[in-house]
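Engineer:
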Amino acid sequence: MTIVARVRRLRVWLLAVVLVILQTCFILQQAVNIHSMEAALKNNNTEVKKIERLKLVSDTCRLHSREIAGAVEQVYVYKAKRVAYCSTHKIASTFWIRVYRWLYNDTRTGHVRSPLDISKLDTHLLKLKKLKVRDVTKNALDRALVKRSYRFLFTREPFARLWSVFIDKFLLPDNYFWSAYSPAIKKSVYGPEKVKNPGSRSRQKAPAGIIDIKRPLVKPPAAAAVFRAAVQNVNNQNVAAPPPVSTARPAAFTYVREQNLPAPIRKPVRCFNVTFSEFLQYIVNVANQRSGKALDDHFRPVHYGCNPCLFNPDFIGKIESMRTDSEEVLRRMGLEFLLPELSNSSHVEQEMNMLTDFNFEIVIKKKLQKSCVTHAGLESRLIRAFVYNGYLTEEDERFLQSRIPLGLKRFKQVVLDLYKKSGRTSADVKRQRTRYKQEAYKGLPKPLLDSLQKVFHWDFVLFGYEPFPSEIFGR
452 MTIVARVRRL
462 RVWLLAVVLV
472 ILQTCFILQQ
482 AVNIHSMEAA
492 LKNNNTEVKK
502 IERLKLVSDT
512 CRLHSREIAG
522 AVEQVYVYKA
532 KRVAYCSTHK
542 IASTFWIRVY
552 RWLYNDTRTG
562 HVRSPLDISK
572 LDTHLLKLKK
582 LKVRDVTKNA
592 LDRALVKRSY
602 RFLFTREPFA
612 RLWSVFIDKF
622 LLPDNYFWSA
632 YSPAIKKSVY
642 GPEKVKNPGS
652 RSRQKAPAGI
662 IDIKRPLVKP
672 PAAAAVFRAA
682 VQNVNNQNVA
692 APPPVSTARP
702 AAFTYVREQN
712 LPAPIRKPVR
722 CFNVTFSEFL
732 QYIVNVANQR
742 SGKALDDHFR
752 PVHYGCNPCL
762 FNPDFIGKIE
772 SMRTDSEEVL
782 RRMGLEFLLP
792 ELSNSSHVEQ
802 EMNMLTDFNF
812 EIVIKKKLQK
822 SCVTHAGLES
832 RLIRAFVYNG
842 YLTEEDERFL
852 QSRIPLGLKR
862 FKQVVLDLYK
872 KSGRTSADVK
882 RQRTRYKQEA
892 YKGLPKPLLD
902 SLQKVFHWDF
912 VLFGYEPFPS
922 EIFGR
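Under my numbering, read the sequence shown as residues 452 to 926, first letter to last.
1. Quick one, are the C-beta atoms of V534 and H749 less than 8 Å apart?
2. Output the distance between the C-alpha atoms of W464 and T475, rounded to the nearest integer angstrom.
3. Measuring only the C-alpha atoms, how far is A676 from P634?
4. If you count every other CB in all the chains shown that lies within 10 Å of the CB of H540, and 16 or more means buried, which is it?
5. When DSSP labels each residue in this structure, what does K541 get in the three-state scheme?
6. Evaluate the contact criterion for the stretch 599-610 versus the stretch 726-738: three or more CB pairs, one atom per stretch, below 8 Å.
7. For the stretch 861-921, which segments carrying the alpha helix (DSSP H) assignment without a break, of at least 4 residues, lie completely within its bounds, in sequence order?
8. Just to confirm the assignment: which complete alpha helix (DSSP H) runs, minimum length 4, are found wholly within the stretch 729-816?
9. Leaving out the 5 sequence neighbours to the left and right, which residues in its chain are closer than 8 Å to R884 when beta-carbon positions are compared?
10. DSSP on V528, reduced to helix/strand/coil?
11. Say whether the stretch 857-866 touches the stretch 789-796, bearing in mind that this needs 3 or more beta-carbon pairs closer than 8 Å, one atom from each stretch.
12. How far does the beta strand (DSSP E) with T606 in it extend, from its first residue to its last?
13. From T775 to I502, what does the alpha carbon distance come to, in whole angstroms?
14. Who are V523's beta bridge partners in DSSP?
15. Taking only the alpha-carbon atoms, compute the straight-line gap between K897 and L507 and give it to the nearest angstrom.
16. Once the 5 residues before and after L903 are set aside, which same chain residues still bring their CB inside 8 Å of it?
17. Thinking C-alpha only, which one of L596, D510, S853 is nearest K583?
18. So E524 and G756 are supposed to be a Cβ contact under 8 Å. How far apart are they, rounded?
19. What separation, rounded to the nearest whole angstrom, lies between the Cα atoms of G521 and L761?
20. Can you tell which of K871, I767, G768, T825 has its C-alpha closest to the C-alpha of Q801?
21. Can you give me the C-alpha to C-alpha distance between I548 and Y527, rounded to a whole angstrom?
22. Would F907 be called buried (16 or more neighbouring beta carbons within 10 Å of its own) or exposed?
23. What's the C-alpha gap between D568 and F788?
24. Quick one: what's got a C-beta closer than 7 Å to T574's C-beta in the same chain, skipping five residues either side?
25. Taking the continuous alpha helix (DSSP H) assigned at R929, which residues delimit it?
26. In chain order, what residues of the same chain have a beta carbon less than 8 Å from the beta carbon of L867, not counting five sequence neighbours either side?
27. What first and last residue would you give for the alpha helix (DSSP H) that runs through D573?
28. Going by DSSP, what residue range makes up the alpha helix (DSSP H) through P566?
29. Could one say the Cβ of Y627 lies closer than 8 Å to chain D's Cβ atoms, at least one of them?
30. Pull up the distance between the alpha-carbon of C537 and that of H798, whole angstroms please.
31. Have a look at R599, L577, K578 and flag the residue whose alpha-carbon is nearest the alpha-carbon of V587.
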C-alpha cells in the first residue's frame, strides 16, 4: 500500500472517530438537557404545590380565622439558619426533633454521626438542655424570634394519622398510653361502673393475628400522676390528663433518673385491651364534652398546637410526600446528606430498627410492661405492626410467629432480612398499608365516622385533604 493510500485511510479513520465523538457528545448533551428539563419540571411542580398549599391556608384563614381555634405551642428554632419548625406528634415529629437535637448537640452522649443515630427514647424523653421549645402564643420574645425565621410545619391525612397512632400507642406497648389512656378510654366509652377489670396478669383473647399476648399495663392514679410529673420536662409532650380509675390500687413507684422514666411497678396491675373503635369513640367523646384542644397532641387536630393562621408558615410539608417536601427544608438547613436516608428502603429499615429498639427497651430492659406483655407477646405485636405498616407480608408473619421469641439482636436480623429479600417497593408498602387501614375503618358506625370528620374538619379544609375519603366512607 502506497503512502498516499495510507494517508487517505488514516484520514477516513480519523474522520470516523471525530464523527463518533461528535455524535456521542450530542447524545450526552441531549441527555443533560433532558435531565435539566426534568429537574426544572420537578422543581416547578414542587414550587407550584408549595404556593397552592400556602394559598389554601391563607384564603381559609382570611375567611375563617375566628372559627379556627388553636395556638402555636411547640416550635423549635435553629438560630444559625433561622429555621423554625412547629411540631405535631405522629406527623414526622421524631425525625424533625432528632434533626434539631443533632444541630444543637443535645444528646445523651454528645456528638453523634447523624440525627438518625439518636434513639426514639432519647428524642422524646431525654431532658432538653441546649435546644429550647418556643411558645409563640404566650412568649413575646419567642414570637419575635420565630417571626424572623423561615417557618415550616408538616401535616398528615387525619384518618391515616389516627390509624398510625393506634398501631404505635395501643397495639405496641407504649408505657404512658397504656397506663394513662387505656382506663380513660374504657371509662369514657362504657362509664366508670362498667369498666371491666380483667385483673393482673390476665390473658384475654388476643386481637386477630396476634398470639401469646397479655394486656396493656394500667398504673393506678397516684402512679400515673408521678409518671406525668416525671416527664413534665419533656417539652414536646402535651398530654391531657384523663380521669383516674377509682377502683385502681396504689403502688410503689420510683424513678430512673437519667431518663426521667418510671422504674418497674412492684405490685399487681390491671391490664386492658383497647380496640380501634373504642379509641376513636374516646376522641369524639372528649372533643364533644370538652373540646378538640383537650385531646393529647398525638391525636388532636394540627391547628390546636400549630395554628397556621397564627404561625404563618413559609412552607407546609405533607407526610404523604415526605422525601420531596423535606428536601427544601433540609437544604436550607445545610443537611442535604440526610436526603438519601429518606428513600423508601432506608426509611423502612430505620423505622423497623427504631420501633424494635424502643419497645425492647421499655418492655424487656426496663420491664415496665412485664405484668401485661410477655417477651413473645412483644415480638408478636411488633410483627403485626410491621404487617399493618406494609413492611412484612402475612406470609412473613406466619413464618415468624412459630419461631418467637428470638431476642432483640436475632429478631432485628430476621425481620430486616425478610424485608430486604422481599424486594418490596414503596408502592407495595403503600398498597398493603392502605388495605389494612381500610379494613380497620370498615364496619365502623357511620355516625362515629361523621363525628371524627367534624372533629378534624379544619385540618381537612386547611391542608387540602378529602373530608369524606371513599375508602373510609364507602362513597
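We put the CB at the ideal spot given by N, CA and C, even for glycine.
Keep in mind the model is a prediction, meaning the values are calculated, not measured.
Structural biologist: Looking at the atomic coordinates:
1. Result no, Cβ atoms of V534 and H749 do not sit closer than 8 Å.
2. Going by the C-alpha atoms only, they are around 16 Å apart.
3. Caution applies to A676, whose pLDDT of 42 falls short of 50 and renders its modelled position unreliable; the model cannot decide the point.
4. By the neighbour-count criterion, in which a residue is buried when 16 or more other Cβ atoms sit within 10 angstroms of its Cβ, H540 is buried.
5. In this structure, K541 counts as coil in the three-state DSSP scheme.
6. Using a Cβ-Cβ distance cut-off of 8 Å, the stretch 599-610 and the stretch 726-738 are not in contact, since fewer than three pairs of beta carbons, one from each stretch, lie closer than that value.
7. Listed in chain order, they are 877-892, 897-906, 908-914.
8. Qualifying alpha helix (DSSP H) stretches, in chain order: 759-762, 773-783, 795-811.
9. Here R884 has Y839, N840, G841 as same chain residues with Cβ atoms under 8 Å from its own Cβ, once five neighbours each way along the sequence are excluded.
10. The three-state reading of DSSP puts V528 in strand, counting E and B together.
11. No: fewer than three Cβ pairs fall under 8 Å.
12. For T606, the enclosing beta strand (DSSP E) starts and ends at 601-606.
13. The C-alpha of I502 is placed about 15 Å away from the C-alpha of T775.
14. Answer is C757.
15. Straight-line spacing of the CA atoms in K897 and L507 works out to 29 Å.
16. Around L903: P609, F610, L613, L731, I734, V735.
17. Looking from the CA of K583, the closest CA among L596, D510, S853 belongs to L596.
18. Rounded to whole angstroms, the Cβ separation of E524 and G756 is 5 Å, and the two are in contact under 8 Å.
19. Roughly 9 Å between the two C-alpha positions.
20. If we check each option's Cα against that of Q801, K871 comes out closest.
21. Rounded to whole angstroms, I548 and Y527 show a C-alpha spacing of 8 Å.
22. Here F907 is buried: its Cβ has 16 or more other Cβ atoms, across all protein chains shown, within 10 Å.
23. About 14 Å.
24. Once the five neighbours on either side are set aside, the close Cβ partners of T574 are T545, I548, R549, R552.
25. Any question about residue 929 goes unanswered here, given that the chain covers just 452 to 926.
26. Cβ neighbours of L867 beyond the five flanking positions: E800, M803, N804.
27. Element bounds for D573: 571-576.
28. In this chain, P566 is not harboured by any alpha helix (DSSP H), its DSSP state being neither H nor E.
29. Among the chains of the structure shown, chain D does not appear; only one protein chain is present.
30. Taking the straight line from one Cα to the other gives about 22 Å.
31. Here the closest residue by C-alpha is R599.
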